[in-house]
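Asker:
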Amino acid sequence: MNIIPFSLALGAAFFWALGQVLGKLVMKELDPITFNTIRFSSVAVALLPLFLILRPKTAGAWPIIIAITAGVFGLAVALLILFYCMKRAPAHKIITIGNASPVWTALLAIFLVGEEIALLLPVSLALVVGGSFLFMPRTKETNQWRLAVPLSMVSAVLWGLDLVLRKMAINSGMDVLAFVWISVVAAAVFLNLAAIIKRSWKGLKLGRKILALTLASTFFSHVATFLFMFALEIEKVSSLSPFSSAVIPFGFLMSIFLVGEKPNLRAVIGMVIVFLGVVLAAL
0 MNIIPFSLAL GAAFFWALGQ VLGKLVMKEL DPITFNTIRF SSVAVALLPL
50 FLILRPKTAG AWPIIIAITA GVFGLAVALL ILFYCMKRAP AHKIITIGNA
100 SPVWTALLAI FLVGEEIALL LPVSLALVVG GSFLFMPRTK ETNQWRLAVP
150 LSMVSAVLWG LDLVLRKMAI NSGMDVLAFV WISVVAAAVF LNLAAIIKRS
200 WKGLKLGRKI LALTLASTFF SHVATFLFMF ALEIEKVSSL SPFSSAVIPF
250 GFLMSIFLVG EKPNLRAVIG MVIVFLGVVL AAL
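By numbering that gives the first Met the number 0, the letter at position 249 of the sequence shown is numbered 248, and the numbering carries on one by one without gaps.
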């Protein structure tokens, strides 16, 4: 067995979790639109010279359309929802539910790329939904935002779509660098338009610490993206899902040690159930 793609997927999971937890720290000072606009605009500019020098293969109009779609929905919209929830709810809840995307990837891959249905997929879906229910605030917890759980699930579905679109683009002959840069530019354009409409830059004071955390979150998140894209060149998306899903326990633990959150037993059980559902989806 070639362990390289699985090692890459596991590394991607770690850096995805780290990027999201650092984003939680930034949410104390920035709104999600400004945060994500900075992230994707900086990466689009940073990758431009590399794109022009290496001239990666785009493989025609269809893969470009796929990459743009992935950038707008799988990156920009999904992350806006995720960090909007993260701003208003604990990171250990949002990261767990929002990163259940491999279950939705397995489901969407059946219809979009013709992969076979996993026998345990219905069980996986039940576990993810049931585990997510444990993160719902109880009636007496009036200070908890109840929409955080369902919206995080929407983000997970969009990420599931993004992973399938990445595989579709690669199968069409598009190079990894081409896909990443085009999708990032699409996300940056969408987010800049959103920032202009919302006027999110007005009165903004960006301190060094927040800027450093934003750039660190950006760097780690896109290291994860490249690692996972290279893994996809070697192995099919459903086989990588159990390894990339390690972002759930990684993020849960990081929210404790880096953010200082204190999940209760109900949340721990919910995380374990969701994680189990995600892993079963690819078996």
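We put the CB at the ideal spot given by N, CA and C, even for glycine. Keep in mind it's a predicted model, so treat the numbers as computed, not measured.
Which whole runs of the alpha helix (DSSP H) in the stretch 77 to 139 are 4 residues long or more, in chain order?
Answerer: 77 to 87, 90 to 97, 100 to 111, 120 to 132
Asker: Is it true that the CB of A77 sits closer than 8 Å to the CB of A187?
Answerer: Here residue 187 is taken as the residue at index 188 of the sequence shown, counted from 1. Here residue 77 is taken as the residue at index 78 of the sequence shown, counted from 1. Cβ atoms of A187 and A77: not closer than 8 Å.
Asker: Distance, Cα to Cα, A194 vs F229?
Answerer: Here residue 194 corresponds to residue number 195 of the sequence shown, with the count starting at 1. Here residue 229 corresponds to residue number 230 of the sequence shown, with the count starting at 1. The straight-line gap from Cα to Cα measures roughly 32 Å.
Asker: Could you tell me which of V184, V273, K197 sits nearest to R38, measuring between CA atoms?
Answerer: Along the sequence shown, one-based indexing puts residue 38 at 39. Closest by alpha carbon: V184.
Asker: For I209 versus V25, is the C-beta spacing smaller than 8 Å?
Answerer: For the purposes of this step, residue 209 is taken as residue 210 along the sequence shown, with counting starting at 1. For the purposes of this step, residue 25 is taken as residue 26 along the sequence shown, with counting starting at 1. Against a cut-off of 8 Å, the Cβ pair of V25 and I209 comes out as a contact.
Asker: May I ask you to verify whether the stretch 51 to 58 touches the stretch 96 to 107, counting CB pairs closer than 8 Å and requiring at least 3?
Answerer: No, the stretch 51 to 58 is not in contact with the stretch 96 to 107.
Asker: Take the Cβ of E114 as the centre, count every other Cβ of all protein chains shown within 10 Å, and call the residue buried at 16 or more, exposed below.
Answerer: On the sequence shown, residue 114 is found 115 positions in, with the first residue counted as 1. Under this definition E114 is a buried residue.
Asker: Is it true that the CB of L190 sits closer than 8 Å to the CB of T36?
Answerer: For the purposes of this step, residue 36 is taken as residue 37 along the sequence shown, with counting starting at 1. For the purposes of this step, residue 190 is taken as residue 191 along the sequence shown, with counting starting at 1. Yes, Cβ-Cβ distance for T36 and L190 is below 8 Å.
Asker: My output table needs one value for L203: the three-state DSSP class, helix, strand or coil.
Answerer: As a working mapping, residue 203 is identified with position 204 in the sequence shown. Coil, per DSSP.
Asker: Quick one, which of I109, F249, V148, V175 has its alpha-carbon nearest A280's?
Answerer: What you label residue 280 is simply residue 281 of the sequence shown in a count that begins at 1. Of the listed residues, the one whose Cα sits closest to A280 is I109.
Asker: Would you mind working out which of S244, F225, G250, F256 sits nearest G276, comparing C-alpha positions?
Answerer: Within the sequence shown, numbered from 1, the residue matching residue 276 stands at position 277. It is S244.
Asker: When DSSP labels each residue in this structure, what does R38 get in the three-state scheme?
Answerer: Here the question's residue 38 lines up with position 39 in the sequence shown. In the structure shown, R38 sits in a helix (DSSP, three-state: H, G or I).
Asker: Helix, strand or coil: how does DSSP classify L29 here?
Answerer: Position 30 of the sequence shown holds residue 29. Coil.
Asker: At which residues does the alpha helix (DSSP H) containing W180 begin and terminate?
Answerer: Within the sequence shown, residue 180 is the residue found at index 181, counting from 1. Start and end: 175 to 197.
Asker: So, with DSSP's three-state summary, where would you put S254?
Answerer: Residue mapping note: residue 254 aligns to position 255 of the sequence shown, counting from 1. If DSSP states are grouped into helix, strand and coil, S254 belongs with the helices.
Asker: Counting along the chain, where does the alpha helix (DSSP H) carrying T57 start and finish?
Answerer: To locate residue 57, count along the sequence shown from 1; it is residue 58. Taken as a continuous stretch (DSSP letters only), T57 belongs to no alpha helix (DSSP H), as it is neither H nor E.
Asker: Out of curiosity, what's the CA-to-CA distance linking L7 and A16?
Answerer: By 1-based counting over the sequence shown, the position of residue 7 is 8. By 1-based counting over the sequence shown, the position of residue 16 is 17. Near 14 Å, if we compare the C-alpha coordinates of A16 and L7.
Asker: Apart from the five residues on each side of it in sequence, which residues of its chain come closer than 6 Å, Cβ to Cβ, to P101?
Answerer: Indexing the sequence shown from 1 puts residue 101 at position 102. Only S240, S244, V277, A280 meet the Cβ criterion.
Asker: Tell me the residue span of the alpha helix (DSSP H) that contains K166.
Answerer: As a position in the sequence shown, residue 166 is number 167, starting the count at 1. If you look at K166, you'll find it in the alpha helix (DSSP H) that goes 147 to 170.
Asker: Which of helix, strand or coil does DSSP assign to W15?
Answerer: For the purposes of this step, residue 15 is taken as the residue at position 16 of the sequence shown. W15: helix per DSSP, three-state reduction.
Asker: Taking DSSP as the reference, what is the three-state secondary structure of G276?
Answerer: The residue labelled residue 276 in the question sits at position 277 within the sequence shown. Three-state DSSP puts G276 in a helix.
Asker: Can you have a look at N263 and say buried or exposed, based on whether 16 or more other CB atoms are within 10 angstroms of its CB?
Answerer: Counted from its first residue, the sequence shown places residue 263 at position 264. Under this definition N263 is an exposed residue.
Asker: Take L176 and list the residues in its own chain whose beta-carbon comes closer than 8 Å to its own, dropping the five residues that flank it on each side.
Answerer: For this step, residue 176 is matched to residue 177 along the sequence shown. Residues of the same chain with a CB within less than 8 Å of the CB of L176, apart from the 5 flanking positions on each side, are L46, L49, F50, L53, P55 in chain order.
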